[in-house]
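Undergrad: In my numbering, the protein residues as written are 42 to 226.
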């Protein structure tokens, strides 16, 4: 899928978001990753429980990518907890953010990590606020467009925001993305 970058700012329409997510899920299946699409009717179930561990410092993360109609951009919701089920506090989340990202979070482009109710599940989640997503993605997409390169928006976006909160996409996503977009228009 190619992007038409006419305006300086790029806003992601919901249908386009869904198309990019579909492509992202195809990459995920092809490389054996565990990303899934769930509709609100299905609900979300806990994934398989991890085995009991004597190490209390193991933290389990759960990530959800949702579309924000207000910001016309994807939003990364996540929660984290110890294997005994105890969730991390907002303070613990901030402490887990690498120092090089922490300073940037206060100044942008993400602005901040906050805790709020998940819009579909009604449960507390952390969220990277999306208010400047279109700003930094517009820059990324414009540069790729100038180089006549194409990309999957979701892969590019997750590659930028994911590492801030411990989500690192395998390199194979980028490789699959290049394979799919080479020569596409």
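For glycine and all other residues, C-beta sits at the position ideal for the given N, C-alpha and C.
Pull up the distance between the alpha-carbon of residue 61 and that of residue 168, whole angstroms please.
TA: For the purposes of this step, residue 61 is taken as the residue at position 20 of the chain shown. For the purposes of this step, residue 168 is taken as the residue at position 127 of the chain shown. Near 21 Å, if we compare the C-alpha coordinates of residue 168 and residue 61.
Undergrad: Nearest-angstrom Cα distance between residue 80 and residue 174?
TA: By one-based count along the chain shown, residue 80 stands at place 39. By one-based count along the chain shown, residue 174 stands at place 133. Approximately 24 Å between the Cα atoms of the pair.
Undergrad: I need the boundaries of the beta strand (DSSP E) containing residue 168, first residue and last residue.
TA: By one-based count along the chain shown, residue 168 stands at place 127. First-last of the beta strand (DSSP E) with residue 168: 165-169.
Undergrad: Residue 192: buried (16+ other C-beta within 10 angstroms of its C-beta) or exposed?
TA: As a first step, residue 192 is located in the chain shown; it is residue number 151 there, counting from the start. It counts as buried.
Undergrad: Suppose contacts are defined by Cβ-Cβ distances below 8 Å. Is residue 104 in contact with residue 119 by that definition?
TA: The residue you call residue 104 lines up with position 63 of the chain shown. The residue you call residue 119 lines up with position 78 of the chain shown. Going by C-beta atoms, residue 104 is nearer than 8 Å to residue 119.
Undergrad: Using the C-alpha atoms, what's the distance from residue 110 back to residue 164?
TA: Looking up residue 164 in the chain shown gives position 123. Looking up residue 110 in the chain shown gives position 69. Going from the Cα of residue 164 to the Cα of residue 110 covers about 20 Å.
Undergrad: Roughly how many angstroms lie between the CA atoms of residue 213 and residue 72, to the nearest whole one?
TA: Here residue 213 refers to the residue found at position 172 when the chain shown is read from its first residue. Here residue 72 refers to the residue found at position 31 when the chain shown is read from its first residue. Cα atoms of residue 213 and residue 72: separation of roughly 7 Å, rounded to the nearest angstrom.
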